[in-house]
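Note sheet for the following structure.
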Amino acid sequence: GAVVSQHPSWVICKSGTSVKIECRSLDFQATTMFWYRQFPKQSLMLMATSNEGSKATYEQGVEKDKFLINHASLTLSTLTVTSAHPEDSSFYICSARVGQFASPLHFGNGTRLTVT
Amino acid sequence: QKEVEQNSGPLSVPEGAIASLNCTYSDRGSQSFFWYRQYSGKSPELIMFIYSNGDKEDGRFTAQLNKASQYVSLLIRDSQPSDSATYLCADRGGGTSYGKLTFGQGTILTVHP
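So the sequences go chain by chain: A and B. Residue numbers for the first sequence follow this note's numbering, so the first one is 16 and each next one is one higher. Residue numbers for the second sequence follow this note's numbering, so the first one is 150 and each next one is one higher.
Put into structure tokens, the structure is as follows:
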């Protein structure tokens, strides 16, 4: 069954507004979560690594001031897309590792963001 | 720049056949490899992972890893129409990249009745 819960599943927002996406680990603590983005017909691209109690680590080319990540507890990480634009429309997926460091990642159900 | 390359698709096989999906990776420090299946509009779901050279079998799925050749594959036996999806290969790098997954571009598999 699902071990990572993501909310909302889809959201439509107007250009210039901000959108918050939540990622929760169910029945386990996740000190690290990963945020991916997937454009249509493309593969997953890692955006950032979310670390509980510390700043996120962003991949090259990802604007940290635009994609705000907060990992305030061991079971919740949030991604806020600030001042969204149509080019931010994408499928955002969080993931977490269940168990030890060598364990595989499990993904949330994803959030389809459409910016009009 | 780490790269994970998958064989170009789409791949079409008849029901009951063996589907072979291939992947090569550039980072010799990569420690482990993962195969995910992704249905259209859905997030990826883990099928198998492999750490050691050789074969690993799980039901109808067999993952093969050859670190010397930097090659990993996934065989699906007795393919079913429900196996039709995009298959993503990913590696978890070593060194400073440890813990991060790098995905290939995916191979679309269609199993026709």
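Backbone N, C-alpha and C define an ideal beta-carbon position, used for all residues, glycine too.
Residue state for D227(B) is assigned as coil, using DSSP reduced to three classes. For secondary structure counted as the beta strand (DSSP E) over 3 or more consecutive residues, the region 154 to 215 of chain B holds these complete runs in sequence order: 160 to 163, 168 to 174, 181 to 187, 194 to 199, 203 to 207 and 210 to 215.
Residue environment for H121(A): buried (at least 16 other C-beta atoms within 10 angstroms of its C-beta). Under the three-state reduction of DSSP, E37(A) is assigned to strand. Excluding its 5 nearest sequence neighbours in each direction, D240(B) has C-beta neighbours in its own chain below 6 Å: V153, Y174, S179, F182 and T251, listed in chain order. With respect to the 8 Å criterion, A87(A) and V34(A) are not classified as neighbours on the basis of their beta carbons.
Considering only F43(A), Q75(A), M48(A) and I27(A), the residue with the shortest C-alpha distance to C109(A) is M48(A). Taken atom to atom, the span from the alpha-carbon of N124(A) to that of R177(B) is near 31 Å. In this structure, H261(B) lies away from E194(B), with their beta-carbon atoms at least 8 Å apart. Between E67(A) and L89(A) a beta carbon distance of about 6 Å is seen, short of the 8 Å cut, so the two are scored as contacting. Per DSSP, S233(B) has no beta bridge partner at all. DSSP places D240(B) within a strand segment (E or B) once states are collapsed to three. With a cutoff of 8 Å on beta-carbon distance, T256(B) and G190(B) are scored as not near each other. When rounded, the separation of the alpha-carbon atoms in Y51(A) and K249(B) is 11 Å.
Closer than 8 Å to the CB of T32(A) there is not a single CB belonging to chain B.
Apart from the 5 residues on each side of it in sequence, S233(B) sits with its Cβ closer than 7 Å to the Cβ of L258, T259 and V260 in its chain, given in chain order.
Boundaries for Q219(B): no beta strand (DSSP E) harbours it, and the DSSP string shows neither H nor E there. Any Cβ of chain A closer than 8 Å to the Cβ of S192(B) would place that residue at the interface, and such an atom is present. Going by C-alpha positions, Y185(B) is about 17 Å away from Y107(A). Contacts between H121(A) and chain B, judged by CB atoms closer than 9 Å, involve E194 and L195 in chain order. In this structure D103(A) does not touch L83(A) by the C-beta definition: roughly 13 Å separates them, more than the 8 Å allowed.
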